[in-house]
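Chemist: Residues in the sequence shown are numbered consecutively from 37, following the working numbering. We treat Cβ as the ideally placed atom computed from N, Cα and C, and that holds for glycine. Source: prediction; values computed, not measured.
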Amino acid sequence: MVFLYGSSKQLCLAIPTNGLTIMGERFKACLVQIDFQDIVDLLAFDDQGRTYFGLYSKTGVNLSDTELGPVVLDQNIIEATKPLLTGDKWKALREDFENSTEGSVFVSSGDIDATLSYVPIPGTDWEMLVLIRESVIHEQIRGVSEKNSSFSRYQIIFTMVSMLLFAGILLLMLRSISSKQLEAEKENSKNFLSMANTDSLTGIRNKHAYANSEDNINQGIREGRIDRLAMVVCDINGLKYVNDTQGHAAGDKLIRDASALICEYFSHGSVFRIGGDEFVVLLQGVGYDTMEEVVDAFNRKAEANIAARDVVVSIGCSKLESSDKQLNDVFERADRMMYERKQVLKAMGAKTRE
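1. Going by DSSP, what residues sit across from alanine 150 in a beta bridge?
2. With DSSP collapsed to three states, give me the class of serine 212.
3. On a Cα-Cα basis, can you pick out the residue from Asn364, Ile298, Asp288 and Pro119 that is closest to glutamine 255?
4. Are the beta-carbon atoms belonging to alanine 245 and phenylalanine 308 less than 8 angstroms from one another?
5. Are the CB atoms of cysteine 270 and isoleucine 351 nearer to each other than 8 angstroms?
6. Whole angstroms is fine: what's the gap from histidine 304's alpha carbon to leucine 201's?
7. Taking the alpha-carbon positions, what's the aspartate 360 to phenylalanine 367 distance?
8. So what's threonine 281 in DSSP terms, helix, strand or just coil?
9. Whole angstroms is fine: what's the gap from leucine 99's alpha carbon to proline 52's?
10. Along the chain, which unbroken stretches of the beta strand (DSSP E) at least 3 residues long are found entirely within the segment 237-300?
11. Measuring alpha carbon to alpha carbon, tell me which residue in Thr102, Val330 and Thr122 is nearest leucine 167.
12. Name the DSSP bridge partner or partners of phenylalanine 302?
13. Quick check: the Cα distance between glutamine 84 and arginine 169, rounded to an integer number of angstroms?
14. Taking the continuous beta strand (DSSP E) assigned at glycine 352, which residues delimit it?
15. Is the Cβ-Cβ distance between glutamine 320 and arginine 372 less than 8 angstroms?
16. Tell me the DSSP secondary structure of leucine 120 in three-state form.
17. Quickly, what does DSSP pair serine 93 with across the bridge? List them, please.
18. Among all the DSSP beta bridges, which residues are the ones paired with arginine 98?
19. From Lys276, Ala266 and Gly311, pick the residue whose C-alpha is nearest to that of threonine 326; which is it?
20. Which one or two residues does DSSP pair with phenylalanine 334 in a beta bridge?
Pasting the structure below:
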């Protein structure tokens with residue numbers, strides 16, 4: 037029940053206590069008295085004059101003595117809202133109070149707009165009312181919107197930064213992969229080129245490499261860029277005889293030994309194997325300047341090997357002359373000299389065998 041106690045309203049609650057015995061005395065009920073202002077203070081959640089709270093009876097009487105804002109003040113809620121609502125809405129409000137039903141209505145007075153919500157309190161004939169000005173609702177909506185907008189901006193920025201980072205990492209990975217693939221392709225190209233230009237038996241340059249060098253030198257001769265060039269043509273003595281009498285394995289060993297001998301003496305030249313028993317050495321720079329000395333030393337070694345029954349190589353040499361149009365002109369002179377030298381060494385070998 038609610039009653040006046042002094043200058044304030046009090047709420048008195050009677051709670052049945054069947055079976056409760058204290059010091060031999062049986063109690064039927066427990067009474068609790070609460071000042072309405074304590075309830076109001078507890079439920080007052082806005083101190084800026086924009087949200088208001090009150091307790092009303094089903095007949096609209098203000099039980100909490102609180103002003104329901106500048107729209108309704110502390111009047112009987114049903115009577116106070118009659119001029120503020122249309123007939124149908126006011127009738128619905130009155131019936132909700134009589135039937136202890138919850139609901140809400142929009143009220144407007146002057147420049148103030150507000151929403152009035154009411155909820156029945158279980159176990160009583162009271163309605164708890166809350167009046168919230170529309171500005172509060174709009175601020176809450178705007179606040180939520182601003183938070184969502186801010187969140188959306190941050191989310192967009194985060195997404196864009198993440199995408200840029202991902203794209204950067206992906207680009208670096210692709211570049212790394214491409215670089216590795218390019219290096220692998222270069223290495224493979226070098227390997228293939230090396231294999232294409234290398235004699236498999238001796239490991240020196242082959243006829244294909246010589247043809248490429250010949251093309252470059254011929255262009256240099258035509259353009260006048262090459263004038264200091266010499267060539268040595270080499271031929272192994274007795275290779276056919278070794279193959280026929282000792283087999284091709286022995287012949288291959290003879291070719292490798294001859295290649296090693298030529299490379300040893302003509303270390304400042306480019307050595308090519310251009311046939312089964314034929315080699316060519318191109319000399320420029322230091323090799324060109326020391327050609328006569330090296331050729332003499334090589335010929336002495338070949339003659340000594342005849343007596344030692346070791347590998348014998350016949351050589352002929354020639355330098356580029358001003359009348360030469362191409363490298364083959366030099367090759368033909370050196371080849372003729374090699375053939376002449378071969379005959380001399382054969383004769384020396386025949387005398388040694390006698």
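Modeler: With the structure as the only source:
1. For alanine 150, DSSP records a beta bridge to Val143 and Arg169.
2. Helix, per DSSP.
3. Cα-wise, what sits closest to glutamine 255 is Asn364.
4. It is a contact, given that the beta carbons lie within the stated cut-off.
5. yes
6. Approximately 55 angstroms between the Cα atoms of the pair.
7. 11 angstroms
8. Note: threonine 281 maps to helix in three-state DSSP.
9. 24 angstroms
10. As far as the segment 237-300 is concerned, its whole beta strand (DSSP E) runs of at least 3 residues are 266-272.
11. Thr102
12. Paired residues: none, contrary to the question.
13. Low local confidence applies: a pLDDT of 49 at glutamine 84 is under 50, so the model's placement there is unreliable, with the coordinate-based value given in what follows. Taking the straight line from one Cα to the other gives about 11 angstroms.
14. Run containing glycine 352: 349-355, per the beta strand (DSSP E) assignment.
15. no
16. Here leucine 120 sits in helix by DSSP.
17. Trp162
18. The sequence shown places asparagine at residue 98, rather than the arginine named in the question. Asparagine 98 pairs with Tyr92.
19. The shortest Cα separation from threonine 326 among Lys276, Ala266 and Gly311 belongs to Ala266.
20. Partner(s): none; phenylalanine 334 has no beta bridge.
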